[in-house]
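See below for the structure under consideration.
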Amino acid sequence: MPHPPRNPSPPRLRRSLQALLGLLALSCFSVQAQQASSPAPVGHGSYIGVHAQQDSMQTADHSKFKILQGPFKDGDGPAVTKACLTCHTEAAKQVMATQHWQWRVPQKGLESYGKATDLVNNFCISIRGGNTATCARCHAGYGFQDKTFDFSNPDNVDCLVCHDTTGDYEKEAAGWPNPAVPLADIAQKVGRPTLKNCGACHFFGGGADATKHGDLDDTILNAPRTEDVHMSKQGAGMTCVDCHVSSAHQVGGPDYVIPANKREQPKYPGESISRMSCTACHTDHPHKSYILNRHYQKVACQTCHIPEFARDKRGTNLWWDWSTAGKLKNGRPYTVEGKDGFETYNSMHGDMIWARDVVPTYVWYDGNMKFTRLTDTITPPKDPNGSIMLNPVEGSYTDPNAKIWPFKFHEGKQPYDTVLNKLIAPYTAGPAGSGAFWGDWKWDPAIKQGMETAGLPYSGHYGFVRTTMIWPITHMVAPKEQALSCTACHTQKGRLAKVPGFYLLGRDRGTGLDFIGIGVILLTLVGVAVHGILRFIHGRH
Amino acid sequence: MRRVILYEKFERFWHWMQALLIITLMITGFEVRGLIHLHLLGFATAVTVHNYSALALVVLIVFAIFWHFTTGEWRQYVPTRKFLRDMVGFYLTGIFKGAPHPVKKHRMAKLNPLQRLAYLGFKVLIIPVQVTTGALYFFYPNLSRMGWPPSSLWVIAVLHVIGAFALVAFLVGHLYLTTTGHTPLTNLKAMLTGYEDMPDDEYMDEEN
Numbered sequence: 015m016p017h018p019p020r021n022p023s024p025p026r027l028r029r030s031l032q033a034l035l036g037l038l039a040l041s042c043f044s045v046q047a048q049q050a051s052s053p054a055p056v057g058h059g060s061y062i063g064v065h066a067q068q069d070s071m072q073t074a075d076h077s078k079f080k081i082l083q084g085p086f087k088d089g090d091g092p093a094v095t096k097a098c099l100t101c102h103t104e105a106a107k108q109v110m111a112t113q114h115w116q117w118r119v120p121q122k123g124l125e126s127y128g129k130a131t132d133l134v135n136n137f138c139i140s141i142r143g144g145n146t147a148t149c150a151r152c153h154a155g156y157g158f159q160d161k162t163f164d165f166s167n168p169d170n171v172d173c174l175v176c177h178d179t180t181g182d183y184e185k186e187a188a189g190w191p192n193p194a195v196p197l198a199d200i201a202q203k204v205g206r207p208t209l210k211n212c213g214a215c216h217f218f219g220g221g222a223d224a225t226k227h228g229d230l231d232d233t234i235l236n237a238p239r240t241e242d243v244h245m246s247k248q249g250a251g252m253t254c255v256d257c258h259v260s261s262a263h264q265v266g267g268p269d270y271v272i273p274a275n276k277r278e279q280p281k282y283p284g285e286s287i288s289r290m291s292c293t294a295c296h297t298d299h300p301h302k303s304y305i306l307n308r309h310y311q312k313v314a315c316q317t318c319h320i321p322e323f324a325r326d327k328r329g330t331n332l333w334w335d336w337s338t339a340g341k342l343k344n345g346r347p348y349t350v351e352g353k354d355g356f357e358t359y360n361s362m363h364g365d366m367i368w369a370r371d372v373v374p375t376y377v378w379y380d381g382n383m384k385f386t387r388l389t390d391t392i393t394p395p396k397d398p399n400g401s402i403m404l405n406p407v408e409g410s411y412t413d414p415n416a417k418i419w420p421f422k423f424h425e426g427k428q429p430y431d432t433v434l435n436k437l438i439a440p441y442t443a444g445p446a447g448s449g450a451f452w453g454d455w456k457w458d459p460a461i462k463q464g465m466e467t468a469g470l471p472y473s474g475h476y477g478f479v480r481t482t483m484i485w486p487i488t489h490m491v492a493p494k495e496q497a498l499s500c501t502a503c504h505t506q507k508g509r510l511a512k513v514p515g516f517y518l519l520g521r522d523r524g525t526g527l528d529f530i531g532i533g534v535i536l537l538t539l540v541g542v543a544v545h546g547i548l549r550f551i552h553g554r555h
Numbered sequence: 031m032r033r034v035i036l037y038e039k040f041e042r043f044w045h046w047m048q049a050l051l052i053i054t055l056m057i058t059g060f061e062v063r064g065l066i067h068l069h070l071l072g073f074a075t076a077v078t079v080h081n082y083s084a085l086a087l088v089v090l091i092v093f094a095i096f097w098h099f100t101t102g103e104w105r106q107y108v109p110t111r112k113f114l115r116d117m118v119g120f121y122l123t124g125i126f127k128g129a130p131h132p133v134k135k136h137r138m139a140k141l142n143p144l145q146r147l148a149y150l151g152f153k154v155l156i157i158p159v160q161v162t163t164g165a166l167y168f169f170y171p172n173l174s175r176m177g178w179p180p181s182s183l184w185v186i187a188v189l190h191v192i193g194a195f196a197l198v199a200f201l202v203g204h205l206y207l208t209t210t211g212h213t214p215l216t217n218l219k220a221m222l223t224g225y226e227d228m229p230d231d232e233y234m235d236e237e238n
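Read top to bottom, the protein sequences are chains A and B.
When you line the first sequence up against this note's numbering, it's residues 15 to 555, in that order.
When you line the second sequence up against this note's numbering, it's residues 31 to 238, in that order.
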C-alpha cells in the first residue's frame, strides 16, 4: 500500500530549551522529553491520486470476462456470485468467516455479540422478534429471511453490495437485489469498495440516515473539508477502507469494542494491518507543541479534533421513545415535523429528538464496553427519570489504557417484561393482520409474537423503561483549525466540567484558596497603605 | 554626604531580570489559573510564556547562586538578631517621628535585620517551593506514568498557588518598603544606578 510522504521536521529551539529545563529541574527523574525530538509527520497528502493509481494497476478488466456478460435473471444475485466464484474460488469462504456475514462476533470472547444475537439497542431494539427480513437489507448475503437461513451456502454471499462501483446497486428485504438492478453491468464494473458501498449500510444505522452514529451519514459522500478532513474530496479524499484495511475479506473494524489506546504496527514488513487508530498514520506525537503531544497520554485525539458531530445538514437521533409509538389519526399512522424540519413524532417510532452540531459527552474509556442482551436481567430504576445504561464503558484516570473519549449519548424508552425484568424483542416490521406493531399498532400481540419467534419467555406483562446507550465518536474529524482550543476544557465550566478523577488546570481551583490568597494580598495592600498614610500625616517623606 | 556603591552590575541585572520574570510568571500564571479573566495572551500563549519564563528564571538563579558564593555576598543574608527589635520599633513608631534609621549601612552589610529575614525567606522558601512545584507540575505526566497518584497533582498545584500568592504579597510589601529610604526614591535609584548618596551618619565606615 503506498504511503503518504513523511518529512522530518527541523529540530526546534523550543525542544532544546525544553530538554534543558528537563536537565536542570529534573535530572533525577527519567525524562521522556526525547519523545518530542523524533521527527513529526508533515502533510499527509491526498489519497485521490493513490486511488487512481490503484485503479490503473488492476490486472483484470472485469468487462472482458465472458461469464460476467450475463444475462442474469432480474434479482438473481446468487447467479452473479456463482460467476464471481469461478475465478475468486476462496472469496465466499473468506466472507462467510466475517461479521458482515455472520452478524455475530465469534472472536475475542464476544460470541454473544452481533445483530444476529440477543443484543439489544436503543433504536430498532432487536432483529430477533421476526424482523430479520427487513433488517437483512443490510446483510452481505441473499435470502436472510429468518432463522432458517443457510449460513453455509456460498452462493448466498452478496459480492456486489461491497464491490459495486456504479452506484446502481440496491438491496431489498432479506437482502435480495432490487429486481430493477442491472446485474450484468454492475458485475462487469466491480472494484474496491468506496464510501458509497460502506455507507449504504453504515450511514443508515438505526434505520435511517444519520440516526444511530452521528459521526457517519451520507453527507460524507460530498463532505466539505470542514465536515470530514479525511473523507472529504477537498481533504485527504480517503475512503473507509484506507483505514479499515481488509485481510482476506475481514474488514478491520471495532467488533463492538473500539480500542481506546491502539497503536497498529505491522508485525512484519508488508503486513496488511488495520489503520483504525489515528496514531497508525499520525504517530502519537503529531503536534509541534510538546505539551499538546503529552495530552495523548490521557486524551483521545478525537476529543479535541471532533468538536461536534452531525456537522452537516442531517440531524442525528438523540431520543427515541417507543412508549408513545402507535398513536393513530383516523385509524392511520402519522408523522409530526418540528420547526427545524426534523420528525418529532412518527407513529412507527414514537417521540423523537434530533440534533445537528452536537457537542459530544466526554467519558473515561479504556476500550472495554459491556452490552445488554435480551437474556440479561435488568433492574428498572425506581426514579421515573432514571435510566438503564445498556452499554456501560470502563475506564478511569488511574487506568493507564483509558483516555477521555467523545461519545454520543442516546436515550429512549423501550418495552420490557415487568415480571421477568428482561428487555423485549417485539415483532415490529410486518403487514397489517400479521400481529406486527407497524401493521396492527398493538404492543401486546407484537411482543408475544416477537418473543415466541425469538424463542424467549414472556410473562405477558410489559412496561416501558428508559434506556441509555453511548456511541464512540471517531469519524467527522475536523481540520486542525477547528480543533478545540485549550479553554474549551481548561476553564471552570468547560467541556470536561464533569469528567472526574483528576486535577485539571483552569477547571479545578478551590475558590477558598483564591479567596484566602487574594485576602492576604489585599491585607498587605491595606497595611502598607495605612503605614504610608501615617507617614504622610506625620510629615516625614 | 558620600556616594557609595551598594549594588554591583551583575546584582542589578539579576534583580531586575528576576523582577521582570516573576511579574511575567505572576500575570501568566493567574491567567492560566483563570483567577481573573485577563485574556491578555490567551491560554496557550500564557502557558508557553509561563514555562519559558520559569526556565529563564531557573537559569538566572543558577548564575545568581554562583555569584553569591564566589563573591561571598551570601553573607549579606545571614540572619541576625542584632538591631532586630530596633528595626521593628523603627517601622512601628520611629519612622513616623522622623527618628534616624537604627542600622547603618555598610558595603558588606547593606541589609537591615528585617531585610535579611525577608530576603532569606524569599530565597530559601518561596523560590525553592515555586521552582520545585513548578517542575513537578510540568513533568507531572512523567510522574503519573511512574505511578504518582492523581491526588499528587492537586497537592502540587495547591502548593504552587500558595507560593504564588505569597510572592504577590511579598512584592506589595517590597515595593512599599523601597519608599522608606532617605527619600521615597532613594532605594529605587540605588537599585537602578548601584550608587546611593548617604549622609555620613547613615554609613558605617570600614574603620568603625
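We treat Cβ as the ideally placed atom computed from N, Cα and C, and that holds for glycine.
{"Check": "Using 8 Å as the Cβ pair cut-off and three pairs as the minimum, do the region 217-230 of chain A and the region 130-137 of chain A touch?", "Outcome": "yes"}
{"Check": "Over the uninterrupted alpha helix (DSSP H) stretch that includes Q145 (chain B), give me the two end residues.", "Outcome": "143-151"}
{"Check": "Less than 8 Å between the beta carbons of W336 (chain A) and Q463 (chain A), yes or no?", "Outcome": "no"}
{"Check": "Check the DSSP bridge columns for W336 (chain A) and list the partner residues they point to.", "Outcome": "Answer is none; W336 (chain A) lacks a bridge partner."}
{"Check": "Taking just the CA atoms, how far does Y167 (chain B) sit from L527 (chain A)?", "Outcome": "18 Å"}
{"Check": "Say whether chain B places a C-beta atom closer than 8 Å to the C-beta of A50 (chain A).", "Outcome": "Reliability fails at A50 (chain A), whose pLDDT of 37 lies under 50, so the model's placement of it is uncertain and no value is given."}
{"Check": "Rounded to the nearest angstrom, how far is the Cβ of Y476 (chain A) from that of Y430 (chain A), given a contact under 8 Å?", "Outcome": "7 Å"}
{"Check": "Under 7 Å Cβ-Cβ, which residues of chain B neighbour R549 (chain A)?", "Outcome": "I125, F126"}
{"Check": "Mapping the DSSP letters down to three states, classify I234 (chain A) as helix, strand or coil.", "Outcome": "helix"}
{"Check": "Taking the continuous alpha helix (DSSP H) assigned at P459 (chain A), which residues delimit it?", "Outcome": "457-468"}
{"Check": "Alpha carbon to alpha carbon, how far is A93 (chain A) from S246 (chain A)?", "Outcome": "36 Å"}
{"Check": "Can you look up W117 (chain A) in the DSSP assignment and give me helix, strand or coil?", "Outcome": "coil"}
{"Check": "Using DSSP bridges, identify the partner residues of A369 (chain A).", "Outcome": "A:T330"}
{"Check": "Checking contacts by CB at 8 Å: is G64 (chain B) closer than that to chain A?", "Outcome": "yes"}
{"Check": "What does the alpha-carbon distance come out to for the pair V243 (chain A) and T393 (chain A)?", "Outcome": "43 Å"}
{"Check": "Ignore the nearest five residues each way along the sequence and tell me which others in A196 (chain B)'s own chain have a CB closer than 7 Å to its CB.", "Outcome": "I156"}
{"Check": "Among all the DSSP beta bridges, which residues are the ones paired with S260 (chain A)?", "Outcome": "A:V265"}
{"Check": "Quick check on DSSP: helix, strand or coil for Q428 (chain A)?", "Outcome": "strand"}
{"Check": "Using a Cβ-Cβ cut-off of 7 Å (strictly less than) and excluding sequence neighbours within five positions of Q496 (chain A), which residues of its own chain qualify?", "Outcome": "T240, P321"}
{"Check": "Can you find the residues in the same chain that come closer than 8 Å, C-beta to C-beta, to D69 (chain A), ignoring five residues on each side of it along the sequence?", "Outcome": "G205, R206"}
{"Check": "Please report how far the alpha carbon of L519 (chain A) lies from the alpha carbon of A416 (chain A), in whole angstroms.", "Outcome": "19 Å"}
{"Check": "Taking the C-alpha atoms as reference points, what is the distance between S41 (chain A) and S303 (chain A)?", "Outcome": "Residue placement at S41 (chain A) is flagged as unreliable, the pLDDT there being 39, under the threshold of 50; a coordinate-derived value is accordingly withheld."}
{"Check": "If you reduce the DSSP assignment to three classes, tell me which class A139 (chain B) lands in.", "Outcome": "strand"}
{"Check": "Beta-carbon of D413 (chain A) versus every beta-carbon of chain B: anything under 8 Å?", "Outcome": "no"}
{"Check": "Measuring alpha carbon to alpha carbon, tell me which residue in B:Q160, B:D227, B:E41, B:V185 is nearest F99 (chain B).", "Outcome": "B:E41"}
{"Check": "Which two residues bound the contiguous beta strand (DSSP E) that contains F120 (chain B)?", "Outcome": "Neither: F120 (chain B) is in no beta strand (DSSP E) and is coded neither H nor E."}
{"Check": "Tell me the DSSP secondary structure of L189 (chain B) in three-state form.", "Outcome": "helix"}
{"Check": "For I305 (chain A), return the contacting residues in chain B, with the cut-off set at a CB-CB distance below 7 Å.", "Outcome": "V77"}
{"Check": "Report the partner residues of L342 (chain A) according to the DSSP bridge assignment.", "Outcome": "A:P347"}
{"Check": "Please return the same chain residues whose Cβ sits closer than 7 Å to the Cβ of H80 (chain B), not counting the five positions on each side in sequence.", "Outcome": "L55, T58, G59, V62"}
{"Check": "Give the DSSP bridge partners of L133 (chain A), in chain order.", "Outcome": "A:R387"}
{"Check": "Do you know how far the Cα of S401 (chain A) is from the Cα of R480 (chain A)?", "Outcome": "5 Å"}
{"Check": "Under 8 Å, CB to CB, which of the residues in the region 499-519 of chain A have a partner in chain B?", "Outcome": "S499, C500, T501, H504, T505, Q506, G515, F516, Y517, L519"}
{"Check": "Scan the region 89-123 of chain B and note each continuous alpha helix (DSSP H) run of 4 residues or more that stays entirely inside, going in chain order.", "Outcome": "114-119"}
{"Check": "For S361 (chain A), does the count of other Cβ atoms within 10 angstroms reach 16, so buried, or fall short, so exposed?", "Outcome": "buried"}
{"Check": "Out of A:T131, A:A224, A:D390, A:I547, state which residue places its alpha-carbon closest to the alpha-carbon of K327 (chain A).", "Outcome": "A:A224"}
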